[in-house]
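S.K.:
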Amino acid sequence: MERLIIIGGGAAGMTAASWVRRLKPNMHVTVFESTKMVSHAPCGIPYFTEGLFDDENLFMTYTPEYFIEKRKINVKTNSKVEEVDLRSRIVVVRENQEKRKYEFDYLLFSTGARPKKINAEGDRIFYVHHPAEASYIRQKLWSFNRIAIIGGGILGIEMAEALRARGKKIVLIHRGRYLLNKMLDEDMGKIVTDKVESEIELKLNESLVSVIEEGRVVITDKGKYDVDATVVAIGVEPNIDLVKDQLKIGQTGAIWADNHMRTSVENVYAAGDSTESINIITKKPDWVPFAPVANKMGFVAGNNIGGKDVTFPGVVGTMITKFEEFIIGKTGVTENEAKRYNIKTVSAIVHHKTRARYYPGSKDIIVKLIAEADTMRIIGAQIVGEEEVLGRLNMMAAVIQKGFTAEDLFFVETGYVPPVNRVWDVVTLAARKLFSGISGE
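If you want it as structure tokens, here you go:
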């Protein structure tokens, strides 16, 4: 009987396990997960912190027991893989304080990402990353009043919103000129920054020097802030220590894999946030550690291990978040990213409303489209609005993935009904502005 070992029971690992089980019912599938949770959703931690739900089991799409009983997958939680020997095809796992060796024929590495850390330790310094730690973090943060958040990316502003909703005083410290600067261009990022700055104490253009006194004092190159606790949200990195000396590592620092999720070692696969991909626009290596990508990588890996040929097409970098009533989305490349890849661009921004003039409750929405200057192929979109953002963002992800030009996009037959749109959709107007220079209705 063939044996598959999966290291990591997150989105990619459990998706792969499920598809292998479907395609190869007789394969022995074992998943080792170092925490008590599998098929978990880290993106829910800010909303748990806010108190929008209390049952930590809701972080899991399915429980370990479900996979064991219903899908006949050998799931071992609280089991940490401490060594991997790809040549000998052996993993060493610590279970119940004992070390055990397991042999494999196939291996899937899906250990995800881990938070980048600062050079400081203390009982009041927190890294928000894994749902298994969410209850502890929430309990601790709820007991404090003034909290510093280091980092103005997606997690930083989500935690700022969550803790502010709990009545906490927040100091958000960010080294960039504007928030979400890795996700948005400055013209769009400034809109979000102005909104956040109107709600919380925001410190821009400040680089962290140190955090001292167990997390009670944050020192930057421009100031010193006395707080009760510090949340560090400066990004994540691939969690690849177990195999970084045995597998080819890509340019992004994540594991290299081909479009079948095969690594540089035969019958060893990688998927999820530990794994590099190819950007469909730039054709360069890219690393997009988000759940939709991880799940699809797991689907591809599971199908190929199961004997069915499926390829992963690459990524376009779709991401979305929110702060208060603002929904903020991006797909494709920003103008800043395009410059780094020497892509000449043109762009258009359109401010619009989400409903017909006569229909009550209309909200603001702003769309920025970016096109390759020579071909007018759409390569990026950024959307900020109070409603109807996600649907447009998803449409733009498909448009970019399939190589539509601005004119192609203009002629997409969009839907119209007064409660949720105007007859001239904001994306249609932005596309028209790109290739004709005309904006407005």
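Sequential numbering from 1 applies to the sequence shown in full-length UniProt numbering.
Quick reminder that beta carbons are idealized off the backbone N, C-alpha and C, glycines included.
Here the structure is a predicted model, which is why all the values come from computation and not from measurement.
Quick one: Cα of D364 to Cα of V38, how far?
M.R.: In a straight line, the C-alpha of D364 is about 39 Å away from that of V38.
S.K.: Which stretch, first to last residue, makes up the alpha helix (DSSP H) that contains F410?
M.R.: From DSSP, the alpha helix (DSSP H) with F410 extends over A406 to F410.
S.K.: For the beta strand (DSSP E) containing F109, name the first residue and the last one.
M.R.: Element bounds for F109: Y106 to F109.
S.K.: Report all residues from its chain with a CB closer than 7 Å to the CB of G385; omit the five preceding and five following residues, and keep chain order.
M.R.: Closer than 7 Å at the Cβ level, and outside the excluded window around G385, lie I327, T354, K363, D364, I365 and I366.
S.K.: Is I170 closer than 7 Å to A162 when the C-beta atoms are compared?
M.R.: No, they are not a contact pair.
S.K.: Would I378 pass as a contact of E335 if the rule is Cβ separation under 7 Å?
M.R.: Not in contact: I378 and E335 (Cβ atoms no closer than 7 Å).
S.K.: For A373, which three-state DSSP category applies?
M.R.: In this structure, A373 counts as coil in the three-state DSSP scheme.
S.K.: Go to V20, then tell me how far its alpha helix (DSSP H) extends in each direction, as first and last residue.
M.R.: It spans A11 to L23 - the alpha helix (DSSP H) in which V20 sits, taken as one unbroken run.
S.K.: Report the residue ranges of all beta strand (DSSP E) runs contained in full by the stretch 311 to 370; include only those spanning at least 3 residues, in chain order.
M.R.: Runs of the beta strand (DSSP E) inside the stretch 311 to 370: 319 to 323, 326 to 332 and 345 to 353.
S.K.: Please classify G253 as buried or exposed, where buried requires at least 16 other C-beta atoms within 10 Å of its C-beta.
M.R.: The residue is exposed, with fewer than 16 neighbouring Cβ atoms inside 10 Å.
S.K.: Within this structure, are the beta carbons of F104 and R87 separated by less than 7 Å?
M.R.: No, Cβ-Cβ distance for F104 and R87 is not below 7 Å.
S.K.: Among residues of its own chain, excluding the 5 on either side of H130, which ones have a beta-carbon nearer than 7 Å to its beta-carbon?
M.R.: T35 and P42.
S.K.: Taking Q401 as part of the alpha helix (DSSP H), name the residues at either end of that continuous run.
M.R.: Per DSSP, Q401 belongs to the alpha helix (DSSP H) from L390 to Q401.
S.K.: Does the separation of the CB atoms of V399 and L390 fall below 7 Å?
M.R.: No, Cβ-Cβ distance for V399 and L390 is not below 7 Å.
S.K.: Between the alpha carbons of R3 and G306, how many angstroms are there, rounded?
M.R.: Rounded to the nearest angstrom, the two C-alpha atoms are 12 Å apart.
S.K.: Going straight from the alpha carbon of K117 to that of G151, what length do you get?
M.R.: Taking the straight line joining both Cα atoms gives about 12 Å.
S.K.: N303 lies in the alpha helix (DSSP H); which residues open and close that run?
M.R.: A291 to I305 is the span of the alpha helix (DSSP H), which, as asked, contains N303.
S.K.: Using only alpha-carbon positions, find the residue among G215, K140, H352 and V333 that is nearest to K344.
M.R.: When each option's Cα is compared against that of K344, the closest is V333.
S.K.: Between K244, N279 and L242, which lies nearest to N259 when the distance is taken from Cα to Cα?
M.R.: Taking only the C-alpha atoms, the option nearest N259 is N279.
S.K.: Let me know the beta strand (DSSP E) ranges lying completely inside the stretch 126 to 208, each 3 residues or longer, listed in chain order.
M.R.: With a minimum length of 3 residues, the continuous beta strand (DSSP E) runs that stay inside the stretch 126 to 208 are 146 to 150, 169 to 173 and 201 to 203.
S.K.: For the putative contact between Q382 and L184, defined by C-beta atoms under 8 Å, what is the C-beta separation to the nearest angstrom?
M.R.: That pair is a contact at about 5 Å.
S.K.: Given this structure, state the Cα-to-Cα distance separating A120 from P419, to the nearest angstrom.
M.R.: Spanning the two alpha carbons is a distance of roughly 51 Å.
S.K.: Going along the chain, which unbroken runs of the beta strand (DSSP E) with 3 or more residues stay wholly within the stretch 48 to 126?
M.R.: As far as the stretch 48 to 126 is concerned, its whole beta strand (DSSP E) runs of at least 3 residues are 74 to 76, 79 to 85, 90 to 95, 98 to 103, 106 to 109 and 113 to 115.
S.K.: For G380, count neighbouring Cβ atoms within 10 angstroms of its own Cβ and tell me buried if that reaches 16, exposed if not.
M.R.: Buried, because 16 or more other Cβ atoms sit within 10 Å of the Cβ of G380.
S.K.: Output the distance between the C-alpha atoms of L108 and I255, rounded to the nearest integer angstrom.
M.R.: The alpha-carbon atoms of L108 and I255 are separated by roughly 12 Å.
S.K.: Return yes when the Cβ of F48 is within less than 7 Å of the Cβ of A165, no when it is not.
M.R.: Against a cut-off of 7 Å, the Cβ pair of F48 and A165 comes out as no contact.
S.K.: Nearest by alpha-carbon distance to V315: which of K330, T405 and T220 is it?
M.R.: The shortest Cα separation from V315 among K330, T405 and T220 belongs to K330.
S.K.: So, for S264: in the same chain, excluding its five sequence neighbours on each side, which residues have a beta-carbon less than 7 Å away from its beta-carbon?
M.R.: Around S264: L247, K248 and W256.
S.K.: Based on the DSSP output, what are the partners of F32 in its beta bridges?
M.R.: I7 and K76.
S.K.: Taking K203 as the reference, which of V218, E372 and E213 has the closest Cα?
M.R.: Nearest of V218, E372 and E213 to K203, Cα basis: V218.
S.K.: Could you check whether V350 and A373 sit closer than 7 Å to each other, using their CB atoms as the reference points?
M.R.: Contact flag unset, no.
S.K.: What does the alpha-carbon distance come out to for the pair P64 and F32?
M.R.: Spanning the two alpha carbons is a distance of roughly 11 Å.
S.K.: Are the beta-carbon atoms of D273 and A113 separated by less than 7 Å?
M.R.: Yes; because the gap between Cβ atoms is below 7 Å, this pair is in contact.
S.K.: Are G189 and L180 touching if we call contact CB-CB under 7 Å?
M.R.: Yes.
S.K.: Hey, quick one: how far does the alpha helix (DSSP H) through A430 stretch, first residue to last?
M.R.: It spans V426 to S436 - the alpha helix (DSSP H) in which A430 sits, taken as one unbroken run.
S.K.: For L141, count neighbouring C-beta atoms within 10 Å of its own C-beta (all shown protein chains included) and say buried if the count is 16 or more, exposed if not.
M.R.: L141 is buried by the Cβ-count criterion.
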